[in-house]
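If you read the sequence shown in our numbering, its first letter stands for residue 1079, the second for the next number, and so on. Just below is one structure, and these are the notes that go with it.
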Amino acid sequence: MILFIDTANLKEIEEAAKWGYVKGCTTNPSLIAKEGLTQKEVITKITKLIDGPISAEVTSEEYEGMIEQGKELFAIDPKHIVIKLPMTNAGLKAAQEFKRLGIPTNVTLCFNVAQAVLAMESGATYISPFLGRLDDAGLESMKLISDIMKVKKNYGYDTKIIAASIRNVEHVQTCAIGGADIATIPFAVLSKLITNPLTKDGLEKFRQDAAKTAALSK
Ligand code: G3P
1079 MILFIDTANL KEIEEAAKWG YVKGCTTNPS LIAKEGLTQK EVITKITKLI DGPISAEVTS
1139 EEYEGMIEQG KELFAIDPKH IVIKLPMTNA GLKAAQEFKR LGIPTNVTLC FNVAQAVLAM
1199 ESGATYISPF LGRLDDAGLE SMKLISDIMK VKKNYGYDTK IIAASIRNVE HVQTCAIGGA
1259 DIATIPFAVL SKLITNPLTK DGLEKFRQDA AKTAALSK
């Protein structure tokens, strides 16, 4: 499963990029709003930190506005920018047009299989099903990824599924078991993926035993 970072915070992106296993970045208007810079400034800086797909979301609700804004965002860095579009009829029309123009898209705010089918039929490059927000609404999130992956396989869609709204390590594990192509993960959760108390204890024991062996050669 490919790992992306879900943030617009430049310090977090810079740190995660050093680990070598974070291969892309997703942003949204709420994440951009926390940074105190314009969307163009933030996205431009992210393109210097991550050599992979970077989702930048349109804010217009009208088809024409989405096309105009999407083209402007794409022009920031055509090698990396993916245009994030909302799950609306205007957003799906824009996904169809961007496909025709060869501009990659990520249809966001997907909460069920039916919406995923619409986005895949519209030629979206990526779709982002949201797990945490389903949990927040008291709805079942565990099966969403595996169900969408099954539909993708049934019809041979080449859309990539980005599991989003990930809140904890269990969500990441569920996505991997469910076969998600990609998981986009906030920095706090990404940082936790490597930790396990048994790994920590095991390393301490190895350190102590290695010191005993090293003492023999003194
Ligand atoms: O990038 C979209 C998504 O991951 C947002 O997550 O935690 O705001 O539901 P969250």
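Glycine included, each C-beta is placed from N, C-alpha and C at the ideal position. No experiment lies behind these values; they were computed from the predicted model shown.
Is it buried or exposed for residue i, if we count other Cβ within 10 angstroms and need 16 for buried?
i: K1096; result: exposed
i: K1230; result: buried
i: L1294; result: exposed
i: T1273; result: exposed
i: L1276; result: exposed
i: M1198; result: buried
i: T1183; result: buried
i: T1291; result: exposed
i: N1232; result: exposed
i: E1135; result: buried
i: E1090; result: buried
i: A1094; result: buried
Excluding the 5 residues flanking residue i on each side, which residues of the same chain have their C-beta closer than 8 Å to its C-beta?
i: L1088; result: E1113, V1120, K1123, I1124 and L1127
i: E1140; result: A1168
i: A1111; result: none
i: Q1286; result: none
i: V1247; result: V1267, K1270 and L1271
i: K1221; result: G1256
Below 8 Å between beta carbons: does that hold for residue i and residue j?
i: K1238; j: T1262; result: no
i: F1265; j: I1083; result: yes
i: S1219; j: G1257; result: no
i: G1201; j: K1171; result: no
i: E1175; j: I1145; result: yes
i: V1069; j: L1115; result: The structure shown does not extend to residue 1069, since the chain is modelled only from 1079 through 1296, so no value can be given for it.
i: M1079; j: A1254; result: yes
Residue i CB to nearest chain B CB: under 8 Å?
i: P1264; result: Here chain B cannot be found, since the structure has a single protein chain.
My output table needs one value for residue i: the three-state DSSP class, helix, strand or coil.
i: S1133; result: strand
i: I1255; result: helix
i: A1202; result: coil
i: K1101; result: strand
i: N1232; result: helix
i: I1181; result: coil
i: L1187; result: strand
i: I1272; result: coil
i: A1086; result: coil
i: L1163; result: strand
i: T1116; result: coil
i: I1244; result: coil
i: L1217; result: coil
i: K1067; result: Nothing can be reported for residue 1067, as the shown portion of the chain is limited to 1079 through 1296.
Cutting at 7 Å between CB atoms, please list the residues of its own chain near residue i, excluding the five before and the five after it.
i: F1152; result: I1159, I1161 and I1181
i: I1226; result: V1191, A1194, P1207 and I1239
i: L1187; result: P1164, M1165 and F1208
i: L1109; result: T1085 and A1086
i: S1138; result: M1144 and Q1147
Whose C-beta lies closer than 6 Å to the C-beta of residue i among residues of the same chain, with five residues either side of it excluded?
i: P1131; result: G1102 and V1160
i: A1242; result: S1206, F1208 and T1262
i: R1245; result: G1210
i: D1300; result: Outside the displayed span of the chain (1079 to 1296) sits residue 1300, for which this structure offers no information.
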